[in-house]
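K.L.:
According to the UniProt record's numbering, the stretch in the sequence shown is residues 1 to 389, in order.
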Amino acid sequence: MQGVDGHERVFDWLDTEAEKRAKAGLTRKLRPRAAASDELDLAGNDYLGLARDKRVAGAAAAAALRWGAGSTGSRLVTGSTELHTELEHELARFCGFQAALVFSSGFTANLGAVTTLSGGESAIVTDKYIHASLIEGCRLARTDVAAVAHADPDAVKHALSTRRKDRALVVTDSVFSVDGDLAPLNQLSQVCREHNAALLVDDAHGLGVLGEGGRGALNAAGLAGEPDIVATVTLSKSLGAQGGAVLGPRRVIKHLVETARSFIFDTGLAPAAAAAALAALGVLKSEPDLPQKVLNNSTRLADHLRGNGFRVSEPQAAVVSVQAPTPEDAVEWAARCAEQGVRVGCFRPPSVPDGISRLRLTARADLTDGDIDTAVKVISECAPPSATS
Ligand SMILES: Cc1ncc(COP(=O)(O)O)c(C=O)c1O
1 MQGVDGHERV FDWLDTEAEK RAKAGLTRKL RPRAAASDEL DLAGNDYLGL ARDKRVAGAA
61 AAAALRWGAG STGSRLVTGS TELHTELEHE LARFCGFQAA LVFSSGFTAN LGAVTTLSGG
121 ESAIVTDKYI HASLIEGCRL ARTDVAAVAH ADPDAVKHAL STRRKDRALV VTDSVFSVDG
181 DLAPLNQLSQ VCREHNAALL VDDAHGLGVL GEGGRGALNA AGLAGEPDIV ATVTLSKSLG
241 AQGGAVLGPR RVIKHLVETA RSFIFDTGLA PAAAAAALAA LGVLKSEPDL PQKVLNNSTR
301 LADHLRGNGF RVSEPQAAVV SVQAPTPEDA VEWAARCAEQ GVRVGCFRPP SVPDGISRLR
361 LTARADLTDG DIDTAVKVIS ECAPPSATS
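1) Take T259 and list the residues in its own chain whose beta-carbon comes closer than 7 Å to its own, dropping the five residues that flank it on each side.
2) In whole angstroms, what is the alpha-carbon distance linking P153 and H7?
3) Helix, strand or coil for A231? Go by DSSP, reduced to three states.
4) When the Cβ atoms of the region 371-381 are set against those of the region 74-85, are three or more pairs found closer than 8 Å?
5) Less than 8 Å between the CB atoms is what I'm expecting for A147 and L169, so what's the real figure, rounded?
6) Quick one: give me the first and last residue of the alpha helix (DSSP H) that Q187 is part of.
7) Ligand 1 and A204: does the residue's C-beta get closer than 7 Å to at least one heavy atom of that ligand?
8) With a floor of 3 residues, list each beta strand (DSSP E) that falls wholly inside the region 204-282, ordered by position along the chain.
9) I'd like to know if the region 221-241 and the region 308-317 are in contact, where contact means that at least 3 CB-CB pairs between them fall below 8 Å.
10) Any chance the CB of G106 is under 7 Å from a heavy atom of ligand 1?
11) Could you name the residues of the same chain whose beta carbon sits closer than 8 Å to that of R193, not counting the 5 residues immediately before and after it, in chain order?
12) Report the option in L111, S37, D127, H158 whose CA atom is closest to the CA atom of R142.
13) If I'm right that E86 touches L278 with Cβ under 8 Å, what's the distance once you round it to whole angstroms?
14) Does A34 come out as helix, strand or coil in the three-state DSSP assignment?
15) So, do the region 90-99 and the region 273-293 have three or more beta carbon pairs nearer to each other than 8 Å?
16) Consider the C-beta atom of H150 and the heavy atoms of ligand 1; say whether any pair is separated by less than 7 Å.
17) Which residue from P327, V209, R251, A317 puts its Cα closest to that of A99?
18) Thinking D166 and E121 are a contact (beta carbons under 8 Å), I'd like their distance in whole angstroms, please.
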């Protein structure tokens, strides 16, 4: 159909889609927060409480004044500053890898890593619960992708041994973002080696929380710096900044610089974010007990909620999830908590791979026992009747 009249109806289908989402309890809304708030935050990813730390925020402010508000160009043109290079050296050294490459986000780091380390010549095998950014990377790789059972090295083994391509890339999160459980990294690495495959691990939730002094899940597994392993991280969770990075063998990083479209065709990370991440790494080095505080708090939070009868995940890092009966219940539960001054996350389809909606809580290092008791009390009082088992 053609015609100049009716152009105002071109997007009518969006309203139909919005109605369908509303009926399924899947409407999403932005809730801007105020700069100063006495809300108890169990929804953000600032696991070490560094986003507002004066050493970190101050470094960002100073870098913006010195280098400018933006990086002014893509990394290969004018968007690489000395700060980017220093951050790459520090990240690689801290986490135990040969080299690192900083991206504008963890999302673009994952797109770059998956697409450039696979492609038409390589099969991809993933855990079916991987983060959305890795899934998008797999789609962009335009090759055979087998998404296998969650945290199941045998399933990975089967997919690798029945693949039709010579090369293979196995992709997993280290800590899964919905339930906070761990991937069996040592077994996966073993399977990869038996089948001549590379292993790509998204350590977004591991950096700053797991491993010696927060050096990440691959450090904890004794696999950091191995020649067949690549990690991706975000700078936006434990490091309280913004941006992402790929860590791995030098030749992998060179390959990414020269071929990753989400690196080459993207403006470099803002200098303020690079400086903030560098400062946060400095804090982590000088306060190596911070990660343990996160783990103590997530365990305490989960234990108390489980004690009150909720279906709670077994946290291995900062993330704790509590199952909700329906998506609508999850939204209302989270909204009631917010009214009582406790901000919690709410995960519903399509953000949950098993279709079960959840409250998603994050236990920061700087929560006090009193904060946790308040959170448990509010979450319990605001719960829908069928949330307890
Ligand atoms: C597991 C995982 N990978 C990647 C990302 C994306 O990182 P970023 O927010 O820096 O784009 C996130 C977070 O949102 C995540 O949870």
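By construction, the Cβ of each residue, glycine as well, lies at the ideal position given by its N, Cα and C atoms.
P.N.:
Let's see:
1) Counting only Cβ-Cβ distances below 7 Å, and skipping sequence neighbours, we find T116.
2) Distance between the alpha carbons of P153 and H7: 53 Å.
3) When DSSP states are grouped into helix, strand and coil, A231 belongs to the strand group.
4) The count of Cβ pairs closer than 8 Å, one atom from the region 371-381 and one from the region 74-85, stays below three, leaving the stretches out of contact.
5) For A147 against L169, the beta-carbon gap comes to about 13 Å, at or over 8 Å, which does not count as contact.
6) Segment 185-194, the alpha helix (DSSP H) holding Q187.
7) Yes.
8) Entirely contained in the region 204-282, the beta strand (DSSP E) runs reaching 3 residues are, in chain order, 229-234, 244-248.
9) No contact exists between the region 221-241 and the region 308-317.
10) In this structure, the C-beta of G106 approaches ligand 1 to less than 7 Å from one of its heavy atoms.
11) Taking R193 as the centre and dropping the five residues before and after it, the same chain places the C-beta of D228 closer than 8 Å to its C-beta, in chain order.
12) Nearest option by C-alpha distance: L111.
13) Cβ-Cβ separation between E86 and L278: approximately 6 Å, consistent with a contact (criterion under 8 Å).
14) If DSSP states are grouped into helix, strand and coil, A34 belongs with coil.
15) Yes, since at least three Cβ pairs between the region 90-99 and the region 273-293 fall closer than 8 Å, the two stretches touch.
16) With a cut-off of 7 Å, the C-beta of H150 is classified as distant from ligand 1, since no heavy atom of the ligand falls inside that distance.
17) When only C-alpha atoms are compared, the closest one is R251.
18) That pair is a contact at about 7 Å.
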